[in-house]
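Have a look at the structure below before the remarks.
2 protein chains.
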Amino acid sequence: MIELAILGILKESELHGYELKKHLRRVLGPLSNVSFGSLYPALNRLERQGAVAVVAVDEGAARAVPPMTGSFAGEAAAFRARRLVTRGPRNKKVYGITAAGEARLAELMADPAEDERSFGMKLAFFRWCDRPTRLHLLERRRSSLRARLEETRRAVGTRGNDDPYVRALMEHDTESTMHDIAWINRLIASEEQAGEERATEPTGGQP
Amino acid sequence: MIELAILGILKESELHGYELKKHLRRVLGPLSNVSFGSLYPALNRLERQGAVAVVAVDEGAARAVPPMTGSFAGEAAAFRARRLVTRGPRNKKVYGITAAGEARLAELMADPAEDERSFGMKLAFFRWCDRPTRLHLLERRRSSLRARLEETRRAVGTRGNDDPYVRALMEHDTESTMHDIAWINRLIASEEQAGEERATEPTGGQP
DNA sequence: CGGCGATATATCGGGCCGATAGATTGAGTC
DNA sequence: GACTCAATCTATCGGCCCGATATATCGCCG
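Chains as they are written, first to last, in the working numbering: chain A, 1 to 207; chain B, 1 to 207.
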């Protein structure tokens with residue numbers, strides 16, 4: 001989900017759409033590559049939901065509407081209207097996350113469907129959630145990877161799948177999935193270790 | 001693209017939609033998991049394009065329309081119409097690939113965009129194309145993986161990416177991509193080897 | 001000044017997915 | 001036989017996402 005990504009980025013700093021896209025590319029890198037055709041509608045959706053809000057409208061507007069010239073602003077609007085469309089001149093709408101948005105982010109992180117891509121996004125924003133949630137997400141991911149592994153192995157044993165290329169595809173999928181599981185195991189281990197280190201402090205848990 | 005997958009499966013045997021989905025799941029396994037919401041519209045599209053054709057309408061129709069009772073068939077149609085929708089009773093439309101469809105399959109295999117998923121599909125149907133095309137696809141895939149590798153490495157070196165989780169994500173992406181490249185290299189090697197073995201025959205190439 | 005590439009916002013058509021609906025068949029159950 | 005229940009089978013709908021496209025400004029170079 002793109003909304004998760006937007007909220008995760010906006011939680012760090014206020015940005016306008018274009019910057020947002022660049023940050024998304026930087027953080028999610030080769031995962032997802034969000035396009036404007038998704039980004040702007042998603043921002044509008046989030047704004048309608050009250051999860052983000054426009055913080056400022058920069059530069060362009062400052063030139064088009066200098067202080068205390070109401071009639072001039074009206075002329076500018078008329079000029080815009082004459083040009084077939086009402087699209088504003090270099091509006092740079094800077095968005096910020098709201099309290100509702102932070103709640104929504106937590107909700108999106110914690111709960112829903114695991115569509116292969118979304119795990120990567122969630123991991124990229126792990127800093128925004130607590131250790132139990134992180135561990136829960138990691139374990140859920142691991143179990144879905146294990147299911148995938150088993151399904152692929154079952155498929156290999158099915159008659160009708162004797163094509164060498166299909167075979168190669170499945171063997172490689174198996175290898176990759178095992179590699180991923182090992183990685184998740186390392187992440188879980190380091191998460192648990194960090195948790196234990198913090199547990200050797202005043203507020204005692206189980207010794 | 002789902003059309004490629006449908007044509008690739010139908011080239012092997014004639015099937016109706018439901019079977020088609022099961023075969024797709026078997027062959028593409030954990031890649032893609034085609035849903036009915038994509039499958040049926042895609043079949044209609046392909047039929048409109050003349051790439052596939054309905055070969056037979058089985059069972060249900062055989063019961064509803066027994067031989068030589070035109071009026072009865074008319075009644076059945078009226079009955080169906082009364083039920084708010086015209087959806088046929090257990091129609092089991094069996095599809096087959098046409099000559100145009102085979103051409104379209106070759107076209108889809110050879111040319112277009114590389115959206116990460118489509119390579120897996122193409123590989124699954126490699127048996128349907130010749131060695132030069134296979135090598136071309138493998139090399140294209142390798143170069144896109146190399147590009148991805150480089151982009152991720154660039155992203156790791158960018159300031160602002162100091163979050164440990166983002167870091168972990170990128171390191172793992174790098175590892176996976178390298179793993180994939182090694183795999184592609186093996187596929188290319190075995191493809192070239194098979195080509196050379198066949199080249200030591202009557203029709204001489206370059207010694 | 002005139003073009004050119006980067007910045008910036010936004011829409012549109014079309015594909016894909018998950019949810020849902022409607023219908024038929026076959027097996028099991030009393 | 002009547003009843004239920006799961007599986008089979010086709011299909012649509014709303015909604016999201018993407019690529020292409022339109023529009024407009026900004027800063028830089030020659």
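Glycine included, each C-beta is placed from N, C-alpha and C at the ideal position.
Since we're looking at a predicted model, the values are computed, not measured.
Identify which residue in the options has its Cα closest to the Cα of residue i.
i	options	result
S38(B)	E14(B), L149(B), A5(B), L145(B)	A5(B)
P132(A)	T152(A), D111(A), M121(A), R148(A)	D111(A)
L169(B)	T152(B), I97(B), W183(B)	T152(B)
E114(A)	N91(A), T98(A), A194(A), E139(A)	E139(A)
N161(A)	I9(B), S143(B), M1(B), E3(B)	I9(B)
S32(B)	R142(A), D173(A), L28(A)	D173(A)
H23(B)	R186(A), S176(A), A155(A)	A155(A)
R186(A)	D163(A), A147(A), R141(A)	R141(A)
V27(A)	N44(A), S176(A), G120(A)	G120(A)
Which residues in the same chain have their Cβ closer than 6 angstroms to the Cβ of residue i, if we skip the five residues on either side of it in sequence?
i	result
G101(A)	L7, A51, V52
G195(B)	R131
C129(B)	M109
E19(B)	none
E12(A)	none
Excluding the five sequence neighbours on either side, which residues of its own chain have a C-beta within less than 8 angstroms of the C-beta of residue i, listed in chain order?
i	result
E116(A)	none
S71(B)	Residue placement at S71(B) is flagged as unreliable, the pLDDT there being 43, under the threshold of 50; the coordinate-derived value follows with that caveat. None.
F36(B)	G17, K21
M178(B)	L149
T98(A)	G50, A51, V52, A53
Y40(B)	G17
R25(B)	N33, V34
I184(A)	L138, R141, R142, L145
E47(B)	A53, V54, Y95
E171(A)	V156
K224(A)	This structure cannot speak to residue 224(A), because chain A is shown only from 1 to 207.
With 16 other CB atoms within 10 Å as the buried threshold, where does residue i fall?
i	result
H136(A)	exposed
R104(B)	buried
A182(A)	exposed
T158(B)	exposed
E150(B)	exposed
E3(B)	buried
S118(A)	buried
A147(A)	exposed
Q193(A)	exposed
P164(B)	exposed
R63(A)	Its pLDDT being 41, under 50, R63(A) is placed unreliably by the model, and nothing is read from it.
P30(A)	buried
E197(A)	exposed
In chain A, what lies closer than 9 angstroms to residue i by C-beta?
i	result
H179(B)	H172, E175, S176, H179
For residue i, I'd like the list of residues in its chain whose CB is within less than 7 angstroms of its CB, leaving aside the five on either flank, ordered along the chain.
i	result
E14(A)	V55, V94, Y95, G96
R134(B)	F126, E191
A189(B)	none
D180(B)	L145
N44(B)	none
Cβ atoms of residue j and residue i: under 8 angstroms apart, would you say?
i	j	result
V166(B)	A124(A)	yes
M1(A)	L108(A)	yes
S143(B)	S176(A)	no
Name the chain A residues that come within less than 7 angstroms of residue i, Cβ to Cβ?
i	result
P30(B)	R148, E151, T152, D173
T158(B)	R26
E120(B)	Rather than Glu, the amino acid found at residue 120(B) in this sequence is Gly. Result: L169.
A110(B)	Going along chain A, no residue has its Cβ under 7 angstroms from A110(B), so there is no contact; the nearest lies around 16 angstroms.
A155(B)	R26, G29
For a contact defined as C-beta to C-beta under 8 angstroms, what are the partners of residue i on chain B?
i	result
N161(A)	R26, V27
Y18(A)	Ordered by position in chain B, no residue passes the 8 angstroms Cβ test against Y18(A), which lies about 16 angstroms from the chain.
Anything in chain B within Cβ reach of residue i, meaning under 7 angstroms, just list it in chain order.
i	result
G195(A)	Within 7 angstroms Cβ-Cβ: nothing; G195(A) doesn't reach chain B, min ~15 angstroms.
R127(A)	D163, Y165
A189(A)	Those do not exist, as A189(A) stays about 12 angstroms from chain B at its closest Cβ, beyond 7 angstroms.
A124(A)	Y165, V166, L169
Can you pull the chain B neighbours of residue i, defined as C-beta to C-beta under 9 angstroms?
i	result
A103(A)	Neighbours of A103(A) on chain B: none; closest Cβ ~21 angstroms, over 9 angstroms.
Cβ-heavy atom distance between residue i and the ligand HEM below 7 angstroms?
i	result
F126(A)	Only the bare structure without any ligand can be found here, which leaves the ligand HEM out of the picture.
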